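Chains as they are written, first to last, in this note's numbering: chain H, 12 to 332; chain E, 18 to 366.
This is the structure in structure tokens:
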């Protein structure tokens with residue numbers, strides 16, 4: 012101990028500041044470059060979105076002929092782009108209000124179903140003793156690596172023609188039209204979300220204190236009762252984390268919607284419509300800019316208000332995995 | 018210019034049906050699990066009373082009840098996973114050995130087609146470039162930024178700025194960047210930021226998304242832009258989890274920031290680093306929206322997932338589409354195995 016004390020003292024002196032002038036200059040330079048680099052990165056990450064945002068409020072002829080940065084020297088402001096892209100009646104206008112409702116109608120059940128089913132399953136896998144429990148969990152966990160592309164063709168066939176085993180119709184076709192097709196999308200999103208949902212919620216539920224469950228069992232509480240009164244309130248943060256995750260995923264999804272929702276304004280969500288507009292009307296920037304913002308606003312609000320839970324879920328889902 | 022709200026009513030009705038179905042299924046299941054066992058318990062009690070009155074030995078309490086509960090808790094999940102994922106995945110594998118309309122077996126012809134058809138080989142090369150570049154560059158940017166803003170004054174705000182693109186859909190992000198890449202003839206004023214920069218530096222404006230192979234790189238930029246936030250958040254958390262005494266000890270030894278980064282930070286966050294790269298690799302392999310929205314796979318920018326969609330859902334070539342889906346799955350496997358081996362090593366060490 013006595014021999015160690017002087018070295019520490021010497022070390023503390025060193026951290027008070029670099030002793031030489033050159034060292035001090037280098038340190039300041041270091042932190043300057045650090046600040047500069049981080050500012051440059053932050054700019055590259057925000058300027059494109061900012062440019063689009065500014066543009067969405069500029070009149071059509073302005074957007075199409077001058078860069079959005081001229082807005083600062085020649086500010087002209089209009090809400091017409093939003094009016095047109097949301098409520099316009101002509102087929103080229105976007106009619107995004109209608110698609111916005113579709114996005115909502117698709118997203119809400121697609122979040123609720125996997126959330127509830129996965130919570131039930133995760134509870135059973137964590138706290139009910141039955142044979143083969145670990146193997147079942149590993150199997151569900153492993154399903155996470157199956158790309159959803161592997162399921163698309165047969166699942167679409169399942170909806171459109173039903174199931175036939177040896178030319179006997181076991182299950183009928185769903186035969187859905189117009190807005191009924193939402194059910195297909197809910198079904199597909201729920202299936203694809205379950206492996207990750209079970210995994211994420213199992214991470215939380217299995218870490219609840221065992222004494223708590225034991226005490227409840229001794230008091231004669233049944234599994235449904237424990238699930239409802241003890242587990243659910245305790246895992247609210249985890250439910251929120253997965254809920255946000257799934258909300259962003261479904262709202263922003265293009266592939267599943269493209270295949271299972273069809274393309275019309277009866278069922279297709281915003282993403283499908285925007286992708287279509289970007290393809291066929293790629294130079295109608297007054298519509299694309301406003302349209303993009305209509306689709307971004309909801310996830311952005313959800314994200315910003317619930318960021319805490321989202322980050323927690325992200326860390327639990329990725330680092331522990 | 019009017020929006021007919023009445024036309025939208027069927028959608029809300031459908032949404033309401035969906036919610037009613039949700040309440041019915043979940044509530045019904047819990048109710049069922051509450052009521053049925055209670056009923057059995059009452060019956061058993063009555064029997065016990067009868068048995069004990071007659072003086073016979075008491076029957077044992079049945080043990081299958083745990084299994085019964087487990088079955089019903091797991092029922093919806095298992096059913097949906099079977100119908101929606103397991104069976105379709107097996108069927109896709111089978112379809113990949115059949116012809117376009119799934120009427121006859123063709124052996125490995127679809128796989129041969131993937132590796133011989135020129136356009137598809139190009140698709141494979143593009144996917145490879147995506148998978149190599151996106152995880153590495155996005156992780157690098159995320160890491161640099163996480164280190165730089167760590168304990169800085171506006172850390173929370175600075176992190177949100179990079180993190181925000183994660184909330185934006187790939188479609189939205191593609192539109193944002195298409196606007197950056199926008200082109201107008203060189204005698205006109207530019208509206209795209211990139212061309213404006215090029216012009217103000219004395220260059221000629223270009224049609225960025227039409228020029229291969231540059232266009233693939235520009236699409237990759239979009240993906241990096243979205244995913245760097247994910248890398249940054251995970252790595253930032255890992256950096257903050259480095260024990261303070263290690264950092265302090267290094268500082269007392271007079272370690273420079275550069276040495277600190279390579280000798281303390283990097284080894285400590287290695288597990289998180291691997292997780293980020295693996296997650297991004299798998300995500301990138303399946304990228305679809307960006308390519309579809311920006312170029313629709315034209316001008317030599319297509320990737321596997323985009324080609325899979327085209328083959329299966331636009332050209333009706335189920336065999337070739339399925340083969341591409343299986344290829345995606347096969348390509349994910351080595352990445353996952355690598356990840357599992359790493360996790361095992363960590364547990365041992």
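Each residue gets a CB set at the ideal place from its N, CA and C atoms; glycine is no exception. All values reported here derive from a predicted model rather than from experimental measurement.
In this chain, the alpha helix (DSSP H) harbouring residue 229 of chain H covers 221 to 229. The three-state secondary structure of residue 175 of chain H, taken from DSSP, is strand. Residue 183 of chain E sits away from residue 89 of chain E, with the two beta carbons spaced by 9 Å or more. Residue state for residue 122 of chain E is assigned as strand, using DSSP reduced to three classes. By the Cβ neighbour-count rule, residue 260 of chain H is buried, with 16 or more other Cβ atoms within 10 Å of its own. Ranked by how close their Cα comes to the Cα of residue 185 of chain E, the residues H:88, H:46, H:100 and H:306 have H:306 in first place. The beta carbon of residue 91 of chain E falls within 9 Å of a beta carbon belonging to chain H, placing the residue at that interface. With the rule of 3 Cβ pairs closer than 8 Å, the stretch 24 to 43 of chain E does not count as touching the stretch 279 to 297 of chain H.
Per the coordinates, the alpha-carbon of residue 193 of chain H lies some 41 Å from the alpha-carbon of residue 359 of chain E.
Between residue 337 of chain E and residue 78 of chain H, the gap from beta carbon to beta carbon reaches 9 Å or more. Close to residue 179 of chain E, with beta-carbon spacing below 8 Å, are these residues of chain H in chain order: 52, 53 and 56. At a Cβ-Cβ threshold of 9 Å, residue 88 of chain H and residue 300 of chain H do not count as neighbours. Here residue 243 of chain E is actually not in contact with residue 263 of chain E; their C-beta atoms are around 33 Å apart, not less than 8 Å. Look at residue 181 of chain H here: in three-state DSSP terms it is strand. Residue contact with chain E for residue 213 of chain H: absent (no Cβ-Cβ distance below 9 Å to any residue of chain E). Within the same chain, and ignoring the five residues on either side of residue 223 of chain H in sequence, the residues whose Cβ sits closer than 8 Å to its Cβ are 241. Per DSSP, residue 145 of chain H is one residue of the alpha helix (DSSP H) stretching across 144 to 153. Close to residue 306 of chain E, with beta-carbon spacing below 9 Å, are these residues of chain H in chain order: 263, 264, 265, 266, 282 and 286. Contact annotation: in the stretch 29 to 42 of chain E, residues whose CB is within less than 7 Å of a CB in chain H are 31, 32, 35, 36 and 39. Remark: three or more beta-carbon pairs, one from each stretch, lie closer than 8 Å, so the stretch 202 to 222 of chain H and the stretch 123 to 134 of chain H are flagged as touching. Here residue 264 of chain H is buried. Its C-beta has 16 or more other C-beta atoms within 10 Å. Counting along the chain, the unbroken alpha helix (DSSP H) around residue 75 of chain H starts and ends at 71 to 76. Linking residue 172 of chain H to residue 162 of chain H through their CA atoms gives a straight-line distance of about 15 Å.
Taking 9 Å as the threshold, the shortest C-beta distance from residue 54 of chain E to chain H falls below it. The beta carbon of residue 150 of chain E lies closer than 6 Å to those of 237 in the same chain, with the five residues before and after it left out. A Cβ-Cβ separation of about 6 Å places residue 155 of chain E in contact with residue 297 of chain E under the 8 Å criterion. Flagged as an interface residue toward chain E: residue 318 of chain H, by a C-beta distance shorter than 9 Å. Residue pairing from DSSP leaves residue 283 of chain E without any beta-bridge partner. Residue 129 of chain E is positioned such that its CB atom lies no closer than 9 Å to that of residue 114 of chain E.
For the pair of segments examined, the stretch 131 to 143 of chain E was found to touch the stretch 310 to 323 of chain E: the number of CB pairs separated by less than 8 Å reaches three. Distance from the CA of residue 48 of chain E to the CA of residue 261 of chain E, rounded to the nearest whole angstrom, comes to 51 Å. For residue 71 of chain H, not one C-beta of chain E is nearer than 9 Å to its own C-beta.
Going by C-alpha positions, residue 225 of chain H is about 19 Å away from residue 50 of chain E.
When 7 Å is used as the limit between beta carbons, residue 183 of chain H is near no residue of chain E, the shortest such separation being about 14 Å.
A buried status is given to residue 110 of chain H, since no fewer than 16 other beta-carbon atoms sit within 10 Å of its beta-carbon. Rounded to whole angstroms, residue 186 of chain H and residue 170 of chain H show a C-alpha spacing of 7 Å.
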